[in-house]
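Numbering (the numbering used here), first residue to last: 187 to 414.
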């Protein structure tokens, strides 16, 4: 039931100077036509249209928040980080040139900032596991790692909730890079190629990291699955 079903090591230090995928360092001139669903809004935002940027925020804020929550395991930190992401995007949107999807850029910015935030939380002793009693807002868009059986009984629902809680706790117990790829792959449902873009890593590195992360998570889940 808790198997992660299938549907770099990026050691570079992330700084404000490293452009996300789909961007390049400014060379002057006006960005060309941007494709995709977000293209017209991004182009308008780059031209200074604040209402267009506000629309982008409304369109993507739940996705950014959910990714941050999965990576940090803390609602307040995730909410604060989501605001930081959009401030960063607002300041850097002129760098986006459409070589990758706008959502890919957002995933990259969110992952980078969450990584830094997690390090700060660890230094302050504030990193923690997820409480089973913590409600997650927007459950429809915050899918669990595994799909429950059809029409489970109340007992199965309770057992499934408890097991899912353990799964989320153990996910947060992984190293950040391993947690990151599992969230991108199995929660955000990104392809290997999209994850490679987000992490600025080659495809082989992404696949091997996901494989190692799944093995480590399974090992951590073994004590909870001993009777199955």
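All C-beta atoms in this analysis are idealised placements derived from N, C-alpha and C, irrespective of residue type, glycine included.
Practice task
Apply the 10 Å Cβ neighbour rule to residue 273 and answer buried if 16 or more other Cβ atoms are within range, or exposed otherwise.
Solution key: Taking the chain shown and counting its residues from 1, one reaches residue 273 at position 87. The residue in question, residue 273, is exposed, as its Cβ has fewer than 16 Cβ neighbours within 10 Å.
Handout entry: Contacting residues, own chain, Cβ-Cβ under 7 Å from residue 296 (five flanking each side not counted)
Key = The sequence position of residue 296 within the chain shown is 110, counting from 1. Cβ within range, chain order: 250, 253, 254, 271.
Problem - Environment of residue 284 [buried if 16+ CB atoms lie within 10 Å] - result: Locating residue 284 in the chain shown gives position 98, counting from the first residue. By the 10 Å Cβ count, residue 284 comes out buried.
Handout entry: Rounded Cβ spacing between residue 411 and residue 357 (contact assumed at less than 8 Å)
Key = By one-based count along the chain shown, residue 411 stands at place 225. By one-based count along the chain shown, residue 357 stands at place 171. About 15 Å; that fails the 8 Å criterion.
Practice task
State yes or no: is the C-beta of residue 288 within less than 8 Å of the C-beta of residue 224?
Solution key: To locate residue 288, count along the chain shown from 1; it is residue 102. To locate residue 224, count along the chain shown from 1; it is residue 38. The answer is yes: Cβ separation under 8 Å.
Handout entry: Beta-carbon proximity check, residue 387 vs residue 364, cutoff 8 Å
Key = One-based indexing of the chain shown puts residue 387 at position 201. One-based indexing of the chain shown puts residue 364 at position 178. Cβ atoms of residue 387 and residue 364: not closer than 8 Å.
Practice task
Output yes or no for whether 8 Å exceeds the beta carbon distance between residue 279 and residue 233.
Solution key: Position 93 of the chain shown, counting from 1, holds the residue named residue 279. Position 47 of the chain shown, counting from 1, holds the residue named residue 233. The answer is no: Cβ separation not under 8 Å.
Practice task
Quick one: using the 10 Å Cβ neighbour count with 16 as the cut-off for buried, is residue 375 buried or exposed?
Solution key: Within the chain shown, numbered from 1, the residue matching residue 375 stands at position 189. Exposed, since its Cβ has fewer than 16 Cβ neighbours within 10 Å.
Problem - Distance, residue 244 Cα to residue 238 Cα - result: What you label residue 238 is simply residue 52 of the chain shown in a count that begins at 1. What you label residue 244 is simply residue 58 of the chain shown in a count that begins at 1. One C-alpha to the other measures close to 10 Å.
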